[in-house]
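If you read the sequence shown in the numbering used here, its first letter stands for residue 17, the second for the next number, and so on.
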Amino acid sequence: MDINEELLYQFEKGLNPQNLGSSLIPATILGFGEISTIFQIADHTDLAFKRMPLFSDRASAETYTSKYIQYCQLLIEAGLKLPEHGTCVIQVTDRPVSVYIVQRQFPIARFSHKLIHTLDRKDTHPLLEHIVSETEKVWHFNHSRRPSIELALDGQISNWVWLEGETGPQMIYVDTSTPLHRIEGQEQLDPELFLQSAPSFLRWIIRWLFLSDVMNRYYNPRSVYIDLTANLYKEQRPDLVPETIQIINQYITDDLRPLSVKEVQNYYKEDKIIWTVFLAFRRLDCWISTKFLRRRYEFILPGKIKR
């Protein structure tokens, strides 16, 4: 993929994270991740730019991009379809080094978390089944390649794009920016990257209580499926939870307990509290940094999230 590095440098240099409208180059926010913001920049309507201002130096950013490329190659080897993509490291003086992941941009209406609100009920079942069957490809890959290689996957519904191709529907996996994978049992992604967007006064407790769980949950099929199903509550489609559990339980092997609605509900309630509190602390950190300490705050925070 050809990437206009000069455009990204000028965008990063002129970006005001707390007032996007005053930035040098116009941009539209397409979405948010835990450690990133996704933009459409200027008139590049065919591309999505995921910005991650996480790195203390260029070397660590380039290490990340090499792990990212390796992860994408392994996902493709496992059988997943990914969008055309590329990376670019941008270094502006006196700023954190940013990595931009650039992907083909898809119509928002084709993202699965939108489709569950527009498809007829009879058509949501094949959509959900397709997501689960695509996720299963990763677990089959791990079974055949472990311990030399093992892949993690964040399978929540907003990470999948359903396209109509010439040979039938295609499911595209787009959330490749957290390249969790193990080689010979060793995690390849620096876990400290997860902490860069957290308030500095919370990092020690997150590292102590939550980081290991975050790093490990996406390797566990059952945890991934619970998270996927619980995501339907956030997307305001709780009526699809029993149906999704039924689909998933058809794939659950004998050594894993079937999912239950009660278990998913409990998980979602806990997860909702954690992320609501975490976002509140990030907003406090932003206020302290920009209003009290008069410092630049690199991250762009979402508005109120309906959960």
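In this text, a Cβ means the ideal position worked out from N, Cα and C, and glycines have one as well.
Residue from the options with nearest C-alpha to residue i
{"i": "G319", "options": "S82, G47, T109 and E28", "result": "G47"}
{"i": "S239", "options": "D170, H133 and P123", "result": "D170"}
{"i": "A58", "options": "L40, P69 and G181", "result": "L40"}
{"i": "P69", "options": "N32, G181, R223 and L275", "result": "N32"}
{"i": "G49", "options": "T183, K288, F210 and M17", "result": "F210"}
{"i": "I221", "options": "E208, R233 and P258", "result": "E208"}
{"i": "P215", "options": "L317, R253 and H141", "result": "L317"}
{"i": "R67", "options": "L244, T194, D110 and S149", "result": "T194"}
{"i": "L326", "options": "N265, L98 and T306", "result": "The structure shown does not extend to residue 326, since the chain is modelled only from 17 through 323, so no value can be given for it."}
{"i": "R298", "options": "K83, I165, E314 and E286", "result": "E314"}
{"i": "Q266", "options": "T183, R74, C302 and H146", "result": "H146"}
{"i": "E286", "options": "R162, I242 and D270", "result": "I242"}
{"i": "S379", "options": "E166, Q186 and Y80", "result": "The shown model of the chain, from 17 to 323, leaves out residue 379, and the question about it has no answer."}
{"i": "I164", "options": "R198, G184 and Q86", "result": "Inspection of the sequence shows that residue 164 is occupied by Ser rather than by Ile. Of R198, G184 and Q86, the residue nearest in Cα terms is R198."}
{"i": "E259", "options": "T183, L144, R161 and I85", "result": "L144"}
{"i": "N232", "options": "P274, E166 and L90", "result": "E166"}
{"i": "H129", "options": "I304, A296 and L244", "result": "L244"}
{"i": "R111", "options": "K278, E28 and S82", "result": "E28"}
Collapsed DSSP secondary structure at residue i in the structure displayed
{"i": "L205", "result": "coil"}
{"i": "Y84", "result": "helix"}
{"i": "Q119", "result": "strand"}
{"i": "E180", "result": "strand"}
{"i": "T103", "result": "strand"}
{"i": "L135", "result": "coil"}
{"i": "K320", "result": "coil"}
{"i": "Q26", "result": "helix"}
{"i": "P274", "result": "coil"}
{"i": "A94", "result": "helix"}
{"i": "N283", "result": "For the record, residue 283 in the displayed sequence is Tyr; it is not Asn. Of the three classes helix, strand and coil, the one that applies to Y283 here is helix, per DSSP."}
{"i": "F127", "result": "strand"}
{"i": "L295", "result": "helix"}
{"i": "I19", "result": "coil"}
{"i": "I268", "result": "coil"}
{"i": "S164", "result": "coil"}
{"i": "S76", "result": "helix"}
{"i": "S193", "result": "coil"}
{"i": "Q172", "result": "coil"}
{"i": "F210", "result": "helix"}
{"i": "V108", "result": "coil"}
{"i": "F315", "result": "coil"}
{"i": "L144", "result": "helix"}
Cut-off 6 Å between Cβ atoms - residues of its own chain near residue i, not counting five sequence neighbours on either side
{"i": "A246", "result": "V280, Y283 and Y284"}
{"i": "A77", "result": "F71, V105, V113 and V115"}
{"i": "Q121", "result": "D62, L63 and A64"}
{"i": "I19", "result": "G102, C104 and V118"}
{"i": "R310", "result": "none"}
Nonlocal neighbours in the same chain, by C-beta distance under 7 Å from residue i, ignoring five residues either side
{"i": "F217", "result": "none"}
{"i": "V190", "result": "P99, Q119, N175 and V177"}
{"i": "F55", "result": "A43, T44, I45, L46, F65 and R67"}
{"i": "T306", "result": "Q34 and Y313"}
{"i": "R219", "result": "L211"}
{"i": "I290", "result": "none"}
{"i": "A168", "result": "L196, H197, Y234 and Y235"}
Distance cut-off 7 Å: residue i Cβ against heavy atoms of the ligand ATP
{"i": "M231", "result": "The ligand ATP is not part of the structure shown, which contains no ligands of any sort."}
Sequence-distant residues of its chain with Cβ nearer than 8 Å to residue i (five each side left out)
{"i": "S276", "result": "I261"}
{"i": "R74", "result": "V105, Q107 and V113"}
{"i": "G30", "result": "S39, L40 and I41"}
{"i": "T109", "result": "none"}
{"i": "Q86", "result": "P195, H197 and Q204"}
Are the stretch 103 to 110 and the stretch 226 to 236 touching by the rule of at least three beta carbon pairs closer than 8 Å?
Fewer than three Cβ pairs drawn from the stretch 103 to 110 and the stretch 226 to 236 lie within less than 8 Å of each other, which leaves the two stretches out of contact.
May I have a chain-ordered list of the alpha helix (DSSP H) segments no shorter than 4 residues that lie completely inside the stretch 212 to 251?
As far as the stretch 212 to 251 is concerned, its whole alpha helix (DSSP H) runs of at least 4 residues are 219 to 225, 227 to 233 and 237 to 250.
Just checking, does the stretch 172 to 180 make contact with the stretch 201 to 208 on the three C-beta pairs under 8 Å criterion?
Touching, no, given that fewer than three Cβ pairs across the two stretches are closer than 8 Å.
What runs of the beta strand (DSSP E), each 3 residues or longer, lie entirely inside the stretch 33 to 59?
Counting whole runs of 3 or more residues, the stretch 33 to 59 contains the beta strand (DSSP E) stretches 43 to 48 and 53 to 57.
At least 3 beta-carbon pairs within less than 8 Å: the stretch 251 to 261 vs the stretch 131 to 141:
Segments in contact, yes.
Is there contact here, the stretch 152 to 163 with the stretch 76 to 96, by at least three beta-carbon pairs under 8 Å?
Flag = yes, the stretch 152 to 163 and the stretch 76 to 96 touch.
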